[in-house]
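Residue numbers (the UniProt record's numbering): 1 to 158. For every residue, glycine included, the Cβ atom is placed at its ideal position computed from N, Cα and C. Okay, so here's the structure we're looking at.
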Amino acid sequence: MRQLLTSAHRRQCNGKNKRVNQTLVAKLRCKVNLTTKIPWTKLLEQVTYEYNKSIHDVTGFPPAYLMFGTLPYDSPLPNQVKLNYPPIQQARQIAVNRTIKCHKINKQRYDTQVDTKFKIGDLVLDQNFSYPNSSKLQSSYSGPSKIVNKFSNVTYEI
């Protein structure tokens with residue numbers, strides 16, 4: 001493993017960490033909204049464990065296996081399905097190849113994006129931005145709201 005230092009104030013430098021944090025916050029938001037009696041700090045360990053043990057779509061392996069070569073906990077029960085993964089070095093190379101392939105597909109998809117155009121009277125969801133001192137675990141969107149005025153192709157009044 002190679003340690004890379006990044007700028008603290010430029011989020012594009014830390015994309016992988018931001019993506020993991022975004023996933024963890026989304027999972028926490030679901031659990032907090034389901035069980036409001038348990039504080040999020042108590043749920044964080046469970047969410048992290050679930051994330052590290054789950055098979056990721058892109059790599060095809062759990063992060064814990066790619067990092068340590070083993071899963072954090074294997075069930076001692078004989079009737080549990082045991083997944084057989086290739087040796088760690090081979091698994092890491094497979095994960096790198098799958099990641100590169102996924103990046104190429106995502107780039108092609110991103111390059112073909114078309115801006116969404118709205119009309120007066122359309123119903124839209126309003127994104128709740130996270131401001132300092134606001135709750136990260138609040139709902140991401142509010143609405144639907146009706147568009148009442150259009151100022152430009154990207155600015156609307158709801």
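Open item on the list: So, for Lys31: in the same chain, excluding its five sequence neighbours on each side, which residues have a beta-carbon less than 7 Å away from its beta-carbon?
Closed with: Your numbering for residue 31 matches position 31 in the sequence shown. Leu43, Val47, listed in sequence order.
TODO: List in chain order: all unbroken beta strand (DSSP E) runs of 3+ residues lying wholly within the region 84 to 130.
DONE: 123 to 127
Task: Own chain partners of Phe61 with C-beta closer than 8 Å, once the 5 adjacent residues on each side are dropped - done: The residue you call residue 61 lines up with position 61 of the sequence shown. Once the five neighbours on either side are set aside, the close Cβ partners of Phe61 are Ile55, Tyr85, Ala91, Ile94, Ala95.
Task: Member of Val58, Asp57, Pro87 whose CA lies at the smallest distance from the CA of Tyr65 - done: Position 65 of the sequence shown holds residue 65. Of Val58, Asp57, Pro87, the residue nearest in Cα terms is Pro87.
Open item on the list: Rounded to whole angstroms, what is the Cα-Cα separation between Leu34 and Tyr51?
Closed with: Taking the sequence shown and counting its residues from 1, one reaches residue 34 at position 34. Taking the sequence shown and counting its residues from 1, one reaches residue 51 at position 51. Rounded to whole angstroms, Leu34 to Tyr51 spans 18 Å at the Cα level.
Open item on the list: Rounded to whole angstroms, what is the Cα-Cα separation between Glu157 and Asp57?
Closed with: The sequence position of residue 157 within the sequence shown is 157, counting from 1. The sequence position of residue 57 within the sequence shown is 57, counting from 1. Each residue's Cα considered, the two are about 38 Å apart.
Task: Whether Asn153 touches Asp115 by CB criterion (8 Å) - done: Taking the first residue of the sequence shown as position 1, residue 153 is located at position 153. Taking the first residue of the sequence shown as position 1, residue 115 is located at position 115. Yes, Cβ-Cβ distance for Asn153 and Asp115 is below 8 Å.
Task: DSSP state of Asn149 mapped onto helix, strand, coil - done: Residue mapping note: residue 149 aligns to position 149 of the sequence shown, counting from 1. Of the three classes helix, strand and coil, the one that applies to Asn149 here is strand, per DSSP.
Open item on the list: Mapping the DSSP letters down to three states, classify Gly69 as helix, strand or coil.
Closed with: Stepping through the sequence shown from its first residue, residue 69 is reached at position 69. Residue state, collapsed to three classes: coil.
Task: Bridge partner(s) assigned by DSSP for Glu50 - done: As a position in the sequence shown, residue 50 is number 50, starting the count at 1. Looking at the DSSP assignment, Glu50 forms no beta bridge with any residue, so it has no partner.
Task: Contact set for Lys53: own chain, Cβ-Cβ below 7 Å, skip 5 residues either direction - done: Start at 1 with the first residue of the sequence shown, and residue 53 comes out as number 53. These residues qualify, in order along the chain: Pro62, Ala64, Leu71, Pro72.
Task: Enclosing alpha helix (DSSP H) for Gln22 [first to last residue] - done: Reading the sequence shown from its first residue, position 22 is the one you call residue 22. Gln22 -> alpha helix (DSSP H) spans 15 to 34.
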